[in-house]
Amino acid sequence: MKVDGNSYRTIWRADNGSVAIIDQTRLPHAFEVVALVTLDDAAVAIETMQVRGAPLIGATAAWGMVLGLERDSSDAGLAAAYDRLVRTRPTAINLRWALDQVRAALAPLPAAERALAAARLATEIADEDVELNAAIGRHGLDLIRTIAADKPAGAPVRVLTHCNAGWLATVDWGTATAPIYMAHNEGIAVEVWVDETRPRNQGAALTAWELGHHGVPHTVVPDNTGGHLMQHGLVDLVIVGTDRTTATGDVCNKIGTYLKALAAHDNGVPFYVALPSPSIDFTVADGVREIPIEQRGAREVTHMTGLADDGRIETVQITPAGSPVANYAFDVTPARLVTGLITERGVVRAARDALAAAFPERVAAA
Ligand code: MRU
């Protein structure tokens, strides 16, 4: 996508051999490209959320393997790189998916050939993510077109989204945002309600930044506003992303997604999840009981960071000193609350039979 006239992906190999990323902890106040030089740089970038979003976590892990193997391509080096990266974040399945792809392809090769093969594969994983998201965009665009056709001419289709499942969360296009960008590009009026997404504010900081740079009309709302908007007929559909969707269609995504799905259900608002197939975990059936939910540090809840009036970036405490805090990063929306899964192969019912019919090769491999 374009930033100030220049086209960017979120991760790329730089000419000097490092891997370049956009530091998402600095957005929306500063746009900074950071170089990852070592395996550990890649692991820390995922842990500290300089890169985040399930597909981008997967792509960064693949490039982390490359950086690791360029230093040590032995069997021990391959195992150590995998082990370091797989521990970085627990919930997004794209991480393990990407690492498994790389390990399976490299293990049979002579050590001397591994680094080059890993770089080819990391490039393929990143390129494939762009293609998958573009396909998701085209299928989601059909949904938006249908809704637009039922509205008075020029009336906007109002989409609510949670967290950031935009191009910053992927290699390009985004999952939830791909249909929105495509609709906007073809002249369909779309307006986006952007949940702020406490505690890390990925909606307020990242989704709003993306949409603004692309000229898509949007309004940031506090997290608890969605139900009210839906009761007043101000949301035509919800589109969110996912960190892991089960074989039965349960959807794990950023904390608060479940409450949006409940509100959508109660108000008859369609609730869609946009996802590339690497976000489906065919080994898991019961999302609530089986998906590990990341618990993050208290400081994300007790403190907020933003731009002070004098232009300095400031962090302030918002809770009383000593109040205990819980910080669950994700929740699970049961399949029964999901209207449909917008995948690269079309809109699929959130149910085991429908997912198995759409992705038979993935079921066989699981
Ligand atoms: O904690 P984050 O910022 O990595 O969480 C991101 C999300 O929850 C996204 O919705 C999800 O990864 C899908 S990204 C296309």
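Throughout the sequence shown, residue numbering follows this note's numbering, covering 647 to 1012 in sequence. Glycine included, each C-beta is placed from N, C-alpha and C at the ideal position. Just so it is clear, the structure is predicted and the values come from calculations on it, not from any experiment.
Indicate whether Thr821 and Gly895 have their beta-carbon atoms separated by less than 9 Å. Not in contact: Thr821 and Gly895 (Cβ atoms no closer than 9 Å).
What residue does the alpha helix (DSSP H) around Arg659 start on, and which one ends it? For Arg659, no alpha helix (DSSP H) run applies; the uninterrupted beta strand (DSSP E) run containing it begins and ends at Ile657 to Arg659, by DSSP.
For Asn652, verify whether its CB is less than 8 Å away from any heavy atom of ligand 1. For ligand 1, not one heavy atom lies less than 8 Å from the Cβ of Asn652.
Taking the C-alpha atoms as reference points, what is the distance between Gly952 and Ala1010? Gly952 and Ala1010: Cα-Cα distance of roughly 47 Å.
Measuring only the C-alpha atoms, how far is Ala835 from Ser720? Cα-Cα distance, rounded: 54 Å.
For the beta strand (DSSP E) holding Glu837, just list the boundary residues, first then last. Taken as a continuous stretch (DSSP letters only), the beta strand (DSSP E) holding Glu837 covers Val836 to Asp841.
N- and C-terminal bounds of the alpha helix (DSSP H) containing Asn740: Asn740: member of the alpha helix (DSSP H) spanning Ile739 to Leu752, first to last residue.
Please state whether the Cβ-Cβ distance between Arg995 and Phe1005 is less than 9 Å. Going by C-beta atoms, Arg995 is not nearer than 9 Å to Phe1005.
Taking just the CA atoms, how far does Tyr974 sit from Pro938? For Pro938 and Tyr974, the distance between alpha carbons rounds to 10 Å.
Asp687 versus Thr694 - alpha carbon distance: Between Asp687 and Thr694, the C-alpha separation is close to 10 Å.
By DSSP, does Arg698 sit in helix, in strand, or in coil? When DSSP states are grouped into helix, strand and coil, Arg698 belongs to the coil group.
Bridge partners - Leu987, DSSP secondary structure assignment: The partner list for Leu987 (beta bridge, DSSP) reads Val919 and Val994.
How many Å lie between Ile668 and Trp709 at the Cα? The straight-line gap from Cα to Cα measures roughly 14 Å.
Cutoff 9 Å: Val993 Cβ touching any chain B Cβ: Given the protein chain composition of this structure (a single chain), no chain B is represented.
Residues sharing a beta bridge with Ser720, DSSP: DSSP output for Ser720 lists no bridge partner at all.
Ordered along the chain, which non-local residues of its own chain (more than five positions away) have a Cβ less than 8 Å from that of His860? Apart from sequence neighbours up to five positions away, the residues of its chain that approach His860 with a beta-carbon distance below 8 Å are Met647, Lys648, Tyr827 and His830, ordered along the chain.
Shortest alpha-carbon distance to Ala757 belongs to which of Gly783, Ala725 and Asp773? Comparing Cα positions, the closest option is Ala725.
Endpoints, the alpha helix (DSSP H) within which Gly783 is located: Unbroken alpha helix (DSSP H) run through Gly783: Ala757 to Ala795.
Kindly indicate which three-state DSSP category Thr871 falls into: helix, strand or coil? Under the three-state reduction of DSSP, Thr871 is assigned to helix.
For Arg998, which residues from the same chain have a beta carbon less than 6 Å from its beta carbon, with the 5 sequence-adjacent residues on both sides left out? The beta carbon of Arg998 sits closer than 6 Å to the beta carbons of Ala893 and Thr894 from its chain, once the five residues preceding and following it are set aside; these are given in chain order.
Can you tell me whether DSSP reads Thr965 as helix, strand or coil? Here Thr965 sits in coil by DSSP.
Over what stretch of residues does the beta strand (DSSP E) that includes Thr951 continue unbroken? For Thr951, the enclosing beta strand (DSSP E) covers residues His949 to Leu953.
Does the beta carbon of Asp721 fall short of 8 Å from some heavy atom of ligand 1? No, since every heavy atom of ligand 1 falls outside the 8 Å radius drawn around the Cβ of Asp721.
Whole-angstrom C-beta distance between Ala1012 and Thr891, which should lie under 8 Å: Not confirmed; about 13 Å, so no contact.
Looking at the structure shown, is Ala705 part of a helix, part of a strand, or coil, going by DSSP? The answer is helix: DSSP assigns Ala705 an H, G or I state.
According to DSSP, is Ser653 part of a helix, a strand, or is it coil? It is a strand residue.
Residue from Thr853, Asp773, Thr684 and Asp775 with nearest C-alpha to Arg730: Looking at Thr853, Asp773, Thr684 and Asp775, the one whose alpha-carbon comes closest to that of Arg730 is Thr684.
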